[in-house]
Every structure is written in structure tokens, then in C-alpha cells.
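Remarks on the structure that follows.
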Amino acid sequence: MRIPAFPYRLLVFLALFFSATVSAQELYTMPKGVQSRVSSFENIKGEKGEGGKTNQGGKGNAFESLKAGESKTLLNVRSPGVIQRMWFTINDRSPAMLRSLRLRMYWDGEDKPAVDVPFGDFFCVGLGRPVAFQSALFTDPEGHSFNCYIPMPFKKAAKVVLTNESSGNLDLLFFDIDYNLLDKAQDDMLYFHACWNRSNNNSEVGHDFELLPQVKGRGRFLGVNVGINVNPGYGDTWWGEGEVKMYIDGDKKYPTINGTGSEDYIGTGWGEGQFTHQYQGCLIADTAKKQYAFYRFHIPDAIYFEDNFKVTIQQIGGGTNDQLKAIQAKGIPNKIVTVATEHTFTRLLDKPMPLTDASFPAGWVNFYRVDDYCATAYFYLDKPEDKLKELAPVGDRVK
């Protein structure tokens, strides 16, 4: 299928990086004008022949500390290039530290970062609870490290900054940023972006949570990881009936792409248990602590946009008639949407009916609710900066 408005060379570029299998020819073909580099504390500038010079080459600077309030520039390159891989490990992997560390990435000398997110959330640790997993874009082999394989091209410059916004010191910070320098940048390449958002239980009933607030420009949506602290006020009802919606190129009230439920979005069904696949997974399904964290990457099923784009998820759950009656008796915010029985599906927004009505069907009741959502969205854009708001203050992130 031909996509006239989207650069063919860019499709080839993305297909090369995102292919699940690499042919032998790709492994032995030598590209022109490419120099391989790695930025680490052993060679922070990635300069040729400058690695491991401390302690006479004998493992002299494998890690450094990051004190409270301190920032470190981990990459600062002025050349065309592509970041290929990032690896980190730190000694304090507590939820508070993973949310307090702030990761920013700048392309082509822009003052506003294209990536401005909590460190843990960026690496798919949606609720600050690292677990071992493997996916197409992120991995954590044993729950101790943070790996990213998203290609991040730049035309003129790249800078990566990590800031400790916690009140405590981070004693051990290890990292590698693997990248290639290029003789010439590709004209039609896109820039990588990521943003983080959280509701903090502050939504109104019926308000959809924005997984990705509206961005303007041409690009591709790569996917999202989502974390949920389920509101205990709703008891043992199910939180995940909400549909994911994608508003493409001017969609207003209704989206072009509309899913069928939260667990459906990540390719499972009838609830959500822990699993990890290349393009979708659920890293946390903790019914005792009422926490869930899941991801979906749109790699084989590409999502493109030409002018603007937004992604939301409905805050809708489900339960029995008796469970909803108990919720309403306690005054917990809710709004009934539908009720499903074995043979019928009654749409109660079209024709509202109170739960106390004698003719109200006995079945599975879907209802709007308010839970604590957070999300990190990943996307490419045709510009090195976006107009999204700055990352929330650390207090709001760790609350």
C-alpha cells in the first residue's frame, strides 16, 4: 500500500530498526559515513581513543553519584547522528527515586526538551516497581537495569540530562548511551519524543484520561505504558472497561480509532494478568495492592498522523448490580453507562435508568469512575520540540 504523504525512506528507516528479525545481509552490510560511539563515565564525550583513561585504564570511573538537586549531562553531541541504545542501572530503585529522577532529551540545540519524563516511567516502570521483562523497545533482564532500544535520530545535536529532584543522594549511577555519528542527516527523518501525564484522582466522572495530550505536526505514535492505582472506594469492582481512543488530524468529539476495553488494548481479554510480549504486556497485576501497569507498542500496526494527534482512555469499570448499589450508597462518584446480560446489552446513556428501578436488568454494569492514572507516551514528530506542558513537579509525581 502506498502512503503518498509519508516519506518512503523514513518507512524503510523505521522498518530497519523495528524489525523483529535481522537478516544476515543487514548484519554484514557496511553503511557509509557512520562512526560508532558510546557515552559513559569512562568516556563522557564519546571521543575517539579517549575511553577508560582514568586510573591508567583500570576501571577507574564506572559510576558516579547524583546528589539531591544535581543534574548531569550524559550526552552532548554536536553532529548528525542516531542514538541506538540506552542502558542504566542505579542502586536506589525505590518508587520515590524512580519518580524523582527526571530524564530530559534535547534535539538540535532546542531549549525545550523533546523528552521530559520521570526516569522509571520512561523505561516502562509505570508504578516504580521494576520487574524483569523483555519487549521490542524496553527490557529489564533481572529487575535491576533499564534498557531502551528506540532509535532517536538528530540532525545537528543531541543532549541527554538526568536530574535528581529527590531529597536524597543517588550514590551509584551507571550508564551507557550507544550512538552513531553520521556524515549527513536524513532530510525526512522524524524526532523522538516522550511525555508523562498523571490524573492523581483529580478527574471528574466521565472525563477521559489523556494518555497523550494533543500534539501538532506530522509523525507516528509508537505507543504507551500506563500505570493505575485503583481507587479503593470502588471495592472489588473491575476498573478496566475503558476504551482507548485516538483522535487523528482534526477529530473533535469522536475519534477515528476506538478500542473495546483496557485489557483488549494490550491484546488480552476477560481481565488482566501479568504477562510480557514484544509489543504488549502487563508488568503489574496486583489485586491486593490494587495496582496495574501495562504497555502497548504500535510497531507492526503503525499509527501515523499528518497534522495533529491525541490519545485518551475512558475511566470506566464494571461490577454487579449489588456492587454498584453499595458504591452509590457510599456516595462514591459514578455514572452508569451500560448493563450487559446473557442476551442483551442496554445502553443507559441513550436511555438513562436508575439502578433502583424495578425493571433494571440484573447483569454486568459498566460505569464511569475515577482512578489514579499515569502514562508515558512515545511518539515521533517532524520537529525537535513540541508544545506540551513541562513535567509535573516532583511532589505531584511521587504523591
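Under mature numbering (1 follows the signal peptide of the UniProt record, and there is no 0), the residues of the sequence shown are numbered -24 to -1, 1 to 375, in order.
Just so you know, even glycine gets a beta-carbon here, dropped at the ideal spot from N, CA and C.
Opening and closing residue of the beta strand (DSSP E) in which residue i lies
i	result
residue 155	146 to 158
residue 376	Because the chain spans -24 through 375 in this model, residue 376 falls outside it and cannot be assessed.
residue 300	Note, residue 300: premise wrong, no beta strand (DSSP E); alpha helix (DSSP H) at 297 to 305.
residue 348	348 to 357
residue 12	10 to 15
residue 345	Where residue 345 is concerned, there is no enclosing beta strand (DSSP E), given that its DSSP letter is neither H nor E.
residue 311	311 to 316
residue 122	122 to 124
residue 289	284 to 289
Same chain only: Cβ atoms within 6 Å of residue i, ignoring 5 sequence neighbours per side
i	result
residue 323	314
residue 317	337, 339
residue 169	90, 355, 357, 362
residue 269	102, 103, 203, 259, 260
residue 199	272, 273, 274, 354
residue 174	350
residue 37	17, 18, 30
Cβ-based burial, residue i [other Cβ within 10 Å; buried from 16]
i	result
residue 7	exposed
residue 92	buried
residue 123	buried
residue 31	exposed
residue 190	exposed
residue 58	buried
residue 347	buried
residue 178	exposed
residue 163	exposed
residue 140	buried
residue 329	exposed
residue 344	buried
residue 33	exposed
residue 54	exposed
residue 334	exposed
Check whether residue i and residue j have beta carbons under 9 Å apart
i	j	result
residue 42	residue 35	no
residue 102	residue 260	yes
residue 351	residue 206	no
residue 94	residue 79	yes
residue 279	residue 254	no
residue 310	residue 181	yes
residue 158	residue 9	yes
residue 307	residue 210	no
residue 285	residue 185	no
residue 155	residue 15	yes
residue 187	residue 341	no
residue 84	residue 21	no
Cβ-based neighbour list, residue i, same chain, cut-off 7 Å, excluding 5 preceding and 5 following
i	result
residue 301	331
residue 143	44
residue 11	156, 157
residue -4	Bear in mind that the predicted position of residue -4 carries a pLDDT of just 46, short of 50, making it too unreliable to give a figure here.
residue 119	106, 107, 108
residue -14	Model confidence at residue -14 stands at a pLDDT of 47, short of 50, so the residue's coordinates are unreliable; what they give is reported in the following sentence. Cβ neighbours of residue -14 beyond the five flanking positions: none.
residue 239	216, 245, 247, 248
Opening and closing residue of the alpha helix (DSSP H) in which residue i lies
i	result
residue 80	From DSSP, residue 80 is part of no alpha helix (DSSP H) but of the beta strand (DSSP E) over 77 to 83.
residue 96	95 to 98
residue 372	370 to 374
Close-in-space but distant-in-sequence residues of the same chain around residue i (CB under 8 Å, 5 per side omitted)
i	result
residue 147	41, 67, 68
Check: residue i C-beta below 8 Å from any heavy atom of the ligand ADP
i	result
residue 370	Here there are no bound small molecules, and the ligand ADP is not part of this structure.
Discussion item. Which runs of the alpha helix (DSSP H) at least 4 residues long sit entirely within the region 205 to 276? Give them in chain order.
Written reply: If you keep only unbroken alpha helix (DSSP H) runs of at least 4 residues inside the region 205 to 276, you get 238 to 241.
Worksheet item: Which runs of the beta strand (DSSP E) spanning at least 3 residues fall entirely within the region 26 to 80, listed in chain order?
Response: Those beta strand (DSSP E) runs which fall completely within the region 26 to 80 and span 3+ residues are 40 to 42, 47 to 53, 57 to 66.
Discussion item. Please give the ranges of any beta strand (DSSP E) in the region 161 to 212, keeping only runs that are unbroken, at least 3 residues long and fully inside the region.
Written reply: Counting only runs that start and end inside the region 161 to 212, the beta strand (DSSP E) elements of at least 3 residues fall at 167 to 174, 185 to 192, 195 to 205.
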